[in-house]
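Peer 1: Below are the structure tokens for one structure; questions will follow.
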Amino acid sequence: MSGKNLLASDFLETCRARVDAELDRCITRDSASGRLQEAMRYSVLGGGKRIRPALCLAAAKAMGQTGDEALIPACSVELIHAYSLIHDDLPAMDDDELRRGRPTTHIAFDEATAILAGDALQALAFGWLAEAPGLPESVRLIMVRELARASGHGGMVGGQAIDLESVGKTLALAQLETMHRHKTGALIETSVRIGALTAPSVDEQALASLTQYAKALGLAFQVQDDLLDIEGDTTVIGKPQGSDAARAKPTYPALLGLEGAREHLANLLEQAQQSLQAFGPEADPLRAMADYVVARTH
């Protein structure tokens, strides 16, 4: 394993342990329904690489944040991600029965409980972020606005709508990237921006560079996802291999071919890394995370 991959692996493991412990602690709060809380915990605590919260924590570190102020914001982003996966897997959406090597939430429980679990996690994410400790109210308000923008019709949900509308169609590269900048990239971008905003002082030029990093990384993440759907192993990726092709979804390999998609992935990685040129060693976790995203096998 290369030095960068080892750094990414170690950083991810450390972040995963911190985030999982906080998620476990916080989702034990009282719920009106024990079954609903069980479904929420099943969906959130059933594995996952925690890439988005790790990016949030790495961006905070890159901007000089040395405390725990980014932990709750990082967990809030993960709750939004978890809710989106529950809803994506539903019969009315992607109709998947396997997620992270386990039955999807609507299979493990039932469809109505899965919908409600996703709804509850979304609300919980904004509640946690609004009350994040150690941050000024003005900063928390900005972060809530950032997460709302990335999650809603102008971000992730809008991208998912485009995805559903595009089944069976051939998209131009610009159209495909517009879809994925919303569906996948918006939440990754916001993970980085929210982490940076927890720093005691935020340099606008540095924030702009981190945003460019995240934009390139968000697209790179999706290109690698598309490649794994073709080349990955179901037992490793934790969901059915070949599902995008089976649903006639527009993908990078379908548009560019396998080699073209790999070239595009390499170019996006270069863009992400170049965006961090002005940063010193404090941004090494972000550099390592970019390498990890394009090399991951699941």
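Position one of the sequence shown corresponds to residue 1176 (the numbering used here), numbered consecutively onward.
The C-beta atom is built at its ideal place from N, Cα and C for all residues, glycine as well.
In chain order, what residues of the same chain lie with their CB nearer than 8 Å to the CB of M1354, ignoring the 5 residues before and after it?
Peer 2: The answer, listed in chain order, is G1334, I1337, D1338, S1341, L1346, P1425.
Peer 1: Return the bridge partner residues of P1278 from the DSSP annotation.
Peer 2: P1278 is bridged to L1273.
Peer 1: What whole-angstrom Cβ distance do A1499 and G1370 have, given they're in contact under 8 Å?
Peer 2: Nothing can be reported for residue 1499: it is not among the residues displayed for the chain, which extend from 1176 to 1473.
Peer 1: R1225 and R1191: beta carbons closer than 8 Å?
Peer 2: Cβ atoms of R1225 and R1191: closer than 8 Å.
Peer 1: What residues in its chain sit with their C-beta under 7 Å from that of F1454, if we drop five residues either side in the sequence?
Peer 2: A1237.
Peer 1: By Cβ distance, which residues of its chain are closer than 6 Å to S1251, with the 5 residues on each side in sequence left out?
Peer 2: Once the five neighbours on either side are set aside, the close Cβ partners of S1251 are A1300, W1303, L1304.
Peer 1: Answer yes if the segment 1394-1405 comes into contact with the segment 1423-1442, meaning at least three C-beta pairs across the two stretches below 8 Å, and no otherwise.
Peer 2: Result yes; three or more Cβ-Cβ pairs closer than 8 Å.
Peer 1: Between the alpha carbons of L1198 and G1435, how many angstroms are there, rounded?
Peer 2: C-alpha separation (whole angstroms): 39 Å.
Peer 1: Applying the criterion that 16 or more other CB atoms from any shown protein chain within 10 Å of the CB defines a buried residue, is L1187 buried or exposed?
Peer 2: Buried, because 16 or more other Cβ atoms sit within 10 Å of the Cβ of L1187.
Peer 1: Tell me the rounded alpha-carbon separation between L1182 and Y1467.
Peer 2: C-alpha separation (whole angstroms): 9 Å.
Peer 1: For the 8 Å Cβ check, are there 3 or more pairs between the segment 1350-1365 and the segment 1314-1334?
Peer 2: Yes, they touch.
Peer 1: Three-state secondary structure (DSSP) at R1471?
Peer 2: Three-state result, R1471: coil.
Peer 1: Going by CA-CA distance only, name the one from L1220, E1457, H1281 that's closest to L1385.
Peer 2: That would be E1457, whose Cα lies nearest to the Cα of L1385.
Peer 1: Out of H1439, L1291, Q1212, E1438, point me to the one whose CA is closest to S1259's CA.
Peer 2: The shortest C-alpha separation from S1259 is found at L1291.
Peer 1: Taking L1254 as the reference, which of Q1297, T1359, D1269 has the closest Cα?
Peer 2: Answer by Cα proximity: Q1297.
Peer 1: Looking only at C-alpha atoms, which of A1283, G1329, T1280, D1243 sits nearest to L1310?
Peer 2: Ranking the options by Cα distance to L1310, first place goes to D1243.
Peer 1: Going by C-alpha to C-alpha distance, which of A1307, T1203, D1294 sits closest to H1262?
Peer 2: Of A1307, T1203, D1294, the residue nearest in Cα terms is D1294.
Peer 1: Going straight from the alpha carbon of P1248 to that of H1328, what length do you get?
Peer 2: P1248 and H1328: Cα-Cα distance of roughly 21 Å.
Peer 1: What is the rounded straight-line gap between the Cα of R1315 and the Cα of D1195?
Peer 2: Using only the alpha carbons, I get a separation of about 22 Å.
Peer 1: Going by Cα to Cα distance, which pick from L1232, G1222, E1406 is closest to R1275?
Peer 2: Minimum Cα distance to R1275 is reached at G1222.
Peer 1: Measuring only the C-alpha atoms, how far is T1278 from E1272?
Peer 2: First, the residue type needs correcting, since residue 1278 is Pro and not Thr in the sequence shown. In a straight line, the C-alpha of P1278 is about 6 Å away from that of E1272.
Peer 1: What does the alpha-carbon distance come out to for the pair E1286 and L1431?
Peer 2: Each residue's alpha carbon lies about 36 Å from the other.
Peer 1: With distances taken Cα to Cα, identify the nearest neighbour of S1326 among L1461, H1357, A1463, A1307.
Peer 2: Cα-wise, what sits closest to S1326 is H1357.
Peer 1: Should S1208 go down as buried or exposed, given a rule of 16 or more other Cβ atoms within 10 Å for buried?
Peer 2: Looking at its Cβ environment, which holds fewer than 16 other Cβ atoms inside 10 Å, S1208 is exposed.
Peer 1: Could you give the C-beta distance for A1374 and Q1212, rounded to a whole number, given that I count them as a contact under 8 Å?
Peer 2: Not really, about 34 Å apart at Cβ, beyond 8 Å.
Peer 1: Residues in the same chain with beta-carbon distance under 8 Å from V1219, minus the five sequence neighbours each way, listed in chain order, please.
Peer 2: The answer, listed in chain order, is L1198, I1202, E1253, L1254, A1257, L1296.
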